[in-house]
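For the record, the sequence lines run as chains A and B. In terms of our numbering, the first sequence opens at residue 1 and continues consecutively. In terms of our numbering, the second sequence opens at residue 1001 and continues consecutively. Before any comments, here is the structure.
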Amino acid sequence: MRRHDPNGISRRHFLKNVAGTLSGLAAAALVPGLPFAGAPAAASDIVAPLITVEQQPLLRVLRWGGFLTSDEEIWLANTRRWEKLTGGRVITDIVPFQDVRPNAAMEATLGTGHDIVVGWFDDPHLYPDKLLDLTDLAEYLGSRYGGWYPICETYGRDAQNKQWIALPVGCSGQCINYRLSWVREAGFASMPTDINGFLRCCKALKAKGHPTGFALGHAVADANAWCHWWLWSFGGKAVEADGRTIAINTPETLLALENARELFATMIAGVDTWLDPHNNREFLAGNISVTNNGSSIAYAAQGKYPDIDADLAVINFPIGPLGSPAELSALSQAFIFKHSLMPNAARHYLRFLFEEEQYGSWISGSWGYISQSLKKFYDAPGWGQNPKITPYRECIKRMRSNGFAGPLGTASAAAMSEFVIVDMINDVCTGNKSPRAAALRAEKRLSRLYV
Amino acid sequence: MCSRPEGKRAQLVAREKKHWLSRRDFLKTSAAGLAGAGLSCGTSALFRCNPALAAEIQAPRFELEPQPVLKVLRWMGFVKSDEEIWRINTKKWEIATGGRVITDFIQWGDVRSTAAMESLLGAGHDIVFGWFDDPHLYPDRLLDVSEVAEYLGGKYGGWYPVCEVYGRNAQNRQWIALPLGSAGICLNYRKSQVQEAGFARVPDDVAGFLRCCKALKAKGHPTGFALGHAVGDANAWTHWWLWSFGGKAVEADGRTIAINSRETGEALEAAREFHDTMIPGVENWLDPHNNQAFLAGQISLTANGNSIFFASMQNFPEINQDLLTMNFPIGPLGVPSELSLFSLGFIFKHTLVPNAAKHYLQFLFEEPRYGAWERGTWGFVTPTLKAYYDMAAWHKDPRITPYRECTGRMLWNGYAGPLGAASAAAMSEFIIVDMFADACTGGKTGKAAMLAAEKRLARLYRG
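Structural data, given as structure tokens:
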């Protein structure tokens, strides 16, 4: 964990100072107890919710990190601006992304810990009753910035009472990355945007000695992304909307599995044990012609692999028999625990981060790593800086929620953490099981979780 | 043997006296917990020392699921031999049953969060070896292991009273966890310096202890006790100190905050005098600092697990020669009242192989495994079953011997309240440690420090 606390004094000293005297840190803009007008002058007439920030607010924030330096730098710079504006203080603990969920779950259980968590996927739906209602913020931001994408409503709102319990900060989008020259060598002008054409192209690539590579090990981001896309694109799904009726054992799933076997035949050896870093490495080493990934391949290629960079092309996932996009990207959202002693400051801070000056610079500066959750930022200047990152701005529009068509919650989270869908496709591709047997195994595992 | 958290002094005293069950009590317990004859106890040294254990006790029989695979989450060993012996014991179970065990050893501070997540998801490991309040954060997600606990208690001389508090669900009294052991904490001190200060040894009552600390300081040998957020060391000594003076965070009802009391006031006043004997900087000490300072010869006295002993044996012969250990002194309360890190094994209901999980736990706790583990680790975890008090390993070195007392001298976290989310949160927020730090180094009066703690506790216990 890296702790960011630019004031550099211990918490105890801080608390002591606050308790002892309010004079020390009050120099900044905050007049204790006075409401903040909040947003800078807006073109529209939309009025920000009035939030009366607590005196000398101290916020503890738990956030993922470690992917991209500029993401964290801009996030922390925005945070410092908030501190300056309010006279408050924010301690940001940046942890590896997979450590956010257990820590937040523990804090939800204990009723103590961080005030704000920036988590992933189903997190807020694991303990919705422990979270603050953020409806007024969500509605204000939505109306001010062109609306939330529909997927954000699914991820942000409590499925029961429809209150917003989290503000989606964006998705870590996934696209198809491929080698343009090899695709042409295989007889295609560019990668087809439908699954049939995509599969034909992959076969042609393989025939030319350019295998593809898609993670089939327990790669949290990459394997889940392509396996769910594949299943959904053929019309398959894990569970019905009621969250009880398991729907994995269908002709659609079997069709997806049959086709997955054909795709697997185009892949390089060893994908069945690939984790998230493997496809980056193999692509940048020139060993594979196609893979799915976030913008990190483009980012690395631009910096260190000029030959790959010159030949890299990026498109969104092709469309399957379903007829519309059906993707899974990692959605991240921010939420506030009810146990916060600074609920107003926490809300104010989140609103501040989502205002254009902050959020726009973060989206633009993060090199396509985060796909915007508010529609206005589809046109953020950052998306135009390189054609290889432009497709990533589409990701959030093309997503479905984890556990589709069921609700978000402990069962959908458990199914992903157990890699039920990934394992099903792995079982078939590696010859471990027939499509029918793999679907049955997945059905059994899902019914244990969706009870 | 059920000790309900009551918190009255008379009961404490009674409990303390009962730490050693009479033979009659033992037989009674056995008769309740088992039926008829069964496994022989064997003839190890352990049992020769404990004639009561010659009783023949029937182990619960579990019909194992076919080819069971167990996923186990455990904290990473503090000593190398711990994990080695643990793996050997596990291998023996695999050979005996044809099952398979996947053990994830992770940083001990990460066990709680991972287990909390898995309890929410209803998926993940089958067995967790966690700490302190863990099982009481999600008691309804855990398998009833009463038959194993009662069998082991009957066979191995009984569980120490504090194990009943940690192991049983406070509501329905079922055992939801098997107490594995405490990472015991004792006083470590420099014999020659204590003698130079005019004491044959460190007194075993708090008043004498404080006099000795003052004399040490006067001779230029300061003491050193962590007052920063040192999870093990600071929690251990501050809770001991508070409880020894009769203070406590909360009443047994788990709602009535009890920290604002005359007893706490006295504990804080005395702590201030105690702090005057310490080396500068203790307010920022984390767990490693007192080890470093002691081994560097900068402090005369501290509280620690047996790691100072081990390190001095290996690398600091002069310190080792002069090192003595003893249990925490007794305060005005009149009975021992200590807090040590406490580890428990429990099984999630979401396991697909509940019988294998119970069988594996039972197997690990049987003497051939548990005894080997204790012997090979020099007792770095103090056992929870009384029979192991008489292990020969405790006498390998007299500096190790006091650690065998630790589980018997413990109270539970959040005493006198129940174990649960509030007690866990209070420890994770270091409320008791902060209260002492506020009074000793933070410029607060004892009263103000107490009030701050009261306010923080009220938020957690009244939710």
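C-beta: ideal position from N, C-alpha, C; glycine also. All values reported here derive from a predicted model rather than from experimental measurement.
**Request:** Determine which residues share a DSSP beta bridge with A:Thr291 and list them.
**Result:** Position 291 of the first sequence, counted from the start, is the residue given in the question as residue 291 of chain A. Answer is A:Asn177, bridged to A:Thr291.
**Request:** Please look up how many angstroms separate the CB atoms of A:Tyr155 and A:Gln372, rounded, as I've assumed it's under 8 Å.
**Result:** Here residue 155 of chain A refers to the residue found at position 155 when the first sequence is read from its first residue. Here residue 372 of chain A refers to the residue found at position 372 when the first sequence is read from its first residue. Cβ atoms of A:Tyr155 and A:Gln372 stay farther apart than 8 Å, at about 14 Å.
**Prompt:** If you draw a straight line from the alpha carbon of A:Gly409 to that of A:His125, how long is it in whole angstroms?
**Reply:** If you number the first sequence from 1, residue 409 of chain A lands on position 409. If you number the first sequence from 1, residue 125 of chain A lands on position 125. A direct Cα-to-Cα measurement between A:Gly409 and A:His125 gives close to 5 Å.
**Prompt:** Hey, is B:Leu1070's beta-carbon within less than 8 Å of any beta-carbon in chain A?
**Reply:** Position 70 of the second sequence, counted from the start, is the residue given in the question as residue 1070 of chain B. No, B:Leu1070 does not count as interfacial toward chain A.
**Message:** To test your reading of the DSSP string, which unbroken alpha helix (DSSP H) runs of 4 or more residues are found completely within the stretch 1162 to 1230 of chain B?
**Reply:** DSSP assignment within the stretch 1162 to 1230 of chain B yields the following whole alpha helix (DSSP H) runs of 4 residues or more, N-terminal first: 1191 to 1196, 1206 to 1218.
**Asked** Interface residues of chain B around A:Ser417 at Cβ under 8 Å?
**Response** Translated into the one-based positions of the first sequence, residue 417 of chain A becomes position 417. When 8 Å is used as the limit between beta carbons, A:Ser417 is near these residues of chain B: Leu1121, Ala1123, Gly1124, in chain order.
**Request:** Would you kindly report the start and end of the unbroken alpha helix (DSSP H) that includes A:Gln98?
**Result:** Translated into positions along the first sequence, residue 98 of chain A becomes position 98. Counting along the chain, the alpha helix (DSSP H) containing A:Gln98 begins and ends at 97 to 110.
**Message:** Quick check on B:Ala1424 - is its C-beta less than 8 Å from some C-beta in chain A?
**Reply:** Taking the first residue of the second sequence as 1, we reach residue 1424 of chain B at position 424. Output row for B:Ala1424: interface = yes.
**Item:** 8 Å Cβ cutoff, A:Pro102 in contact with chain B
**Value:** One-based indexing of the first sequence puts residue 102 of chain A at position 102. Chain B, which has a Cβ nearer than 8 Å to the Cβ of A:Pro102, makes this yes.
**Asked** If we ignore side chains and look at the alpha-carbon of each, how far apart do B:Arg1369 and B:Ala1215 end up?
**Response** Reading the second sequence from its first residue, position 369 is the one you call residue 1369 of chain B. Reading the second sequence from its first residue, position 215 is the one you call residue 1215 of chain B. Distance between the alpha carbons of B:Arg1369 and B:Ala1215: 46 Å.
**Request:** Indicate whether at least one CB of chain B lies closer than 8 Å to the CB of A:Thr465.
**Result:** Past the edges of chain A, shown from 1 to 451, lies residue 465 of chain A, and the structure says nothing about it.
**Message:** If we define contact as Cβ-Cβ less than 8 Å, is A:Ala39 a contact residue for chain B?
**Reply:** Your numbering for residue 39 of chain A matches position 39 in the first sequence. Residue placement at A:Ala39 is poorly supported in this model, since its pLDDT is 44, which falls under 50; the coordinates still yield a value, given next. Output row for A:Ala39: interface = no.
**Asked** Taking C-beta to C-beta, are B:Leu1339 and B:Trp1240 nearer than 8 Å?
**Response** Here residue 1339 of chain B is taken as the residue at index 339 of the second sequence, counted from 1. Here residue 1240 of chain B is taken as the residue at index 240 of the second sequence, counted from 1. In contact: B:Leu1339 and B:Trp1240 (Cβ atoms closer than 8 Å).
**Request:** Enumerate in chain order the residues of its own chain whose CB-to-CB distance from B:Ala1271 is below 7 Å, with the five nearest sequence positions on each side excluded.
**Result:** Indexing the second sequence from 1 puts residue 1271 of chain B at position 271. So the qualifying residues of the chain are Trp1241, Phe1436, Ala1439, Cys1440.
**Message:** Using only CA atoms, which one of A:Gly65, A:Phe121, A:Asp423 lies nearest to A:Trp274?
**Reply:** Sequence index remark: in the first sequence, residue 274 of chain A carries index 274 (1-based). For the residues A:Gly65, A:Phe121, A:Asp423, the minimum Cα distance to A:Trp274 belongs to A:Asp423.
**Item:** Spatially closest choice to A:Gln385 from A:Ser366, A:Lys376, A:Cys395, by CA coordinates
**Value:** As a working note, residue 385 of chain A is residue 385 in the first sequence. The residue with the shortest Cα to Cα distance from A:Gln385 is A:Ser366.
**Request:** Tell me whether A:Leu364 sits in a helix, a strand or coil according to DSSP, three-state version.
**Result:** Here the question's residue 364 of chain A lines up with position 364 in the first sequence. Sequence check: residue 364 of chain A is Ser here, not Leu. In this structure, A:Ser364 counts as helix in the three-state DSSP scheme.
**Prompt:** Just checking my contact of A:Ile363 with A:Phe354 at CB under 8 Å: how many whole Å lie between their CB atoms?
**Reply:** In the first sequence, counting from the first residue as 1, residue 363 of chain A sits at position 363. In the first sequence, counting from the first residue as 1, residue 354 of chain A sits at position 354. Beta-carbon to beta-carbon, A:Ile363 and A:Phe354 are separated by about 11 Å, too far to satisfy the 8 Å threshold.
**Message:** Could you compute how far the alpha carbon of B:Ala1059 sits from the alpha carbon of B:Val1353?
**Reply:** On the second sequence, residue 1059 of chain B is found 59 positions in, with the first residue counted as 1. On the second sequence, residue 1353 of chain B is found 353 positions in, with the first residue counted as 1. Pairing B:Ala1059 with B:Val1353, the inter-Cα distance amounts to about 19 Å.
**Asked** Going by Cα to Cα distance, which pick from A:Glu258, A:His114, A:Ile151, A:Gly294 is closest to A:Tyr178?
**Response** Indexing the first sequence from 1 puts residue 178 of chain A at position 178. Of A:Glu258, A:His114, A:Ile151, A:Gly294, the residue nearest in Cα terms is A:Gly294.
**Item:** Option nearest B:Asp1144 by Cα separation, candidates B:Cys1212, B:Ala1416, B:Phe1380, B:Trp1175
**Value:** Start at 1 with the first residue of the second sequence, and residue 1144 of chain B comes out as number 144. Checking every option, the nearest Cα to that of B:Asp1144 belongs to B:Trp1175.
**Request:** Please report the Cβ distance between B:Trp1378 and B:Ala1393, rounded to the nearest whole angstrom; I am assuming they are in contact, meaning their Cβ atoms lie under 8 Å.
**Result:** Locating residue 1378 of chain B in the second sequence gives position 378, counting from the first residue. Locating residue 1393 of chain B in the second sequence gives position 393, counting from the first residue. Yes, B:Trp1378 and B:Ala1393 are in contact; Cβ-Cβ is about 6 Å, under 8 Å.
**Item:** Pair within 8 Å by beta-carbon distance, B:Met1427 and B:Ser1182
**Value:** Position 427 of the second sequence, counted from the start, is the residue given in the question as residue 1427 of chain B. Position 182 of the second sequence, counted from the start, is the residue given in the question as residue 1182 of chain B. Their beta carbons are not under 8 Å apart, which means B:Met1427 does not touch B:Ser1182 by this criterion.
**Request:** Quick one: list the residues of chain A neighbouring B:Arg1112, beta-carbon separation under 7 Å, in chain order.
**Result:** One-based indexing of the second sequence puts residue 1112 of chain B at position 112. Correct list: Met106.
**Message:** Suppose contacts are defined by Cβ-Cβ distances below 8 Å. Is A:Ala313 in contact with A:Cys171 by that definition?
**Reply:** Taking the first residue of the first sequence as 1, we reach residue 313 of chain A at position 313. Taking the first residue of the first sequence as 1, we reach residue 171 of chain A at position 171. 8 Å or more divides the Cβ of A:Ala313 from the Cβ of A:Cys171.
**Request:** Please classify B:Asn1413: does DSSP put it in a helix, a strand, or coil?
**Result:** In the second sequence, the residue the question calls residue 1413 of chain B occupies position 413. Correct three-state label for B:Asn1413: coil.
**Request:** Whole angstroms is fine: what's the gap from A:Asp45's alpha carbon to A:Gly142's?
**Result:** Looking up residue 45 of chain A in the first sequence gives position 45. Looking up residue 142 of chain A in the first sequence gives position 142. The straight-line gap from Cα to Cα measures roughly 14 Å.
**Test item: CB-CB of B:Leu1460 and B:Ala1425 under 8 Å** = Translated into positions along the second sequence, residue 1460 of chain B becomes position 460. Translated into positions along the second sequence, residue 1425 of chain B becomes position 425. Closer than 8 Å, so yes.
**Message:** Using C-beta distances below 8 Å, list every residue in its chain close to A:Ala204, excluding the 5 sequence neighbours before and after it, in chain order.
**Reply:** Here residue 204 of chain A refers to the residue found at position 204 when the first sequence is read from its first residue. Cβ neighbours of A:Ala204 beyond the five flanking positions: Ala186, Gly187, Phe188.
**Asked** Given that B:Ser1428 touches chain A, what residues does it touch there, using C-beta distances under 8 Å?
**Response** Numbered from its first residue, the second sequence carries residue 1428 of chain B at position 428. Simply Leu110, Thr112, Gly113.
**Prompt:** Does the beta-carbon of B:Gln1362 have 16 or more other beta-carbons within 10 angstroms, so that it is buried, or is it exposed?
**Reply:** Reading the second sequence from its first residue, position 362 is the one you call residue 1362 of chain B. Classification of B:Gln1362: buried, given that the 10 Å Cβ count is 16 or more.
**Asked** What did DSSP end up calling B:Trp1093 once you bin it into helix, strand or coil?
**Response** Start at 1 with the first residue of the second sequence, and residue 1093 of chain B comes out as number 93. Three-state result, B:Trp1093: helix.
**Prompt:** Does DSSP classify A:Val183 as helix, strand or coil?
**Reply:** Numbered from its first residue, the first sequence carries residue 183 of chain A at position 183. Residue state, collapsed to three classes: helix.
**Proximal residues to A:Tyr531 (C-beta, below 7 Å), its chain only, five neighbours per side dropped** = Outside the displayed span of chain A (1 to 451) sits residue 531 of chain A, for which this structure offers no information.
**Prompt:** Helix, strand or coil: how does DSSP classify A:Ala405 here?
**Reply:** Residue 405 of chain A sits at position 405 when you count from the first residue of the first sequence. If DSSP states are grouped into helix, strand and coil, A:Ala405 belongs with coil.
**Item:** Contacts around B:Lys1155, its chain only, beta-carbon distance under 6 Å, and the 5 residues preceding and following it disregarded
**Value:** For this step, residue 1155 of chain B is matched to residue 155 along the second sequence. Residues of the same chain with a CB within less than 6 Å of the CB of B:Lys1155, apart from the 5 flanking positions on each side, are Ile1057 in chain order.
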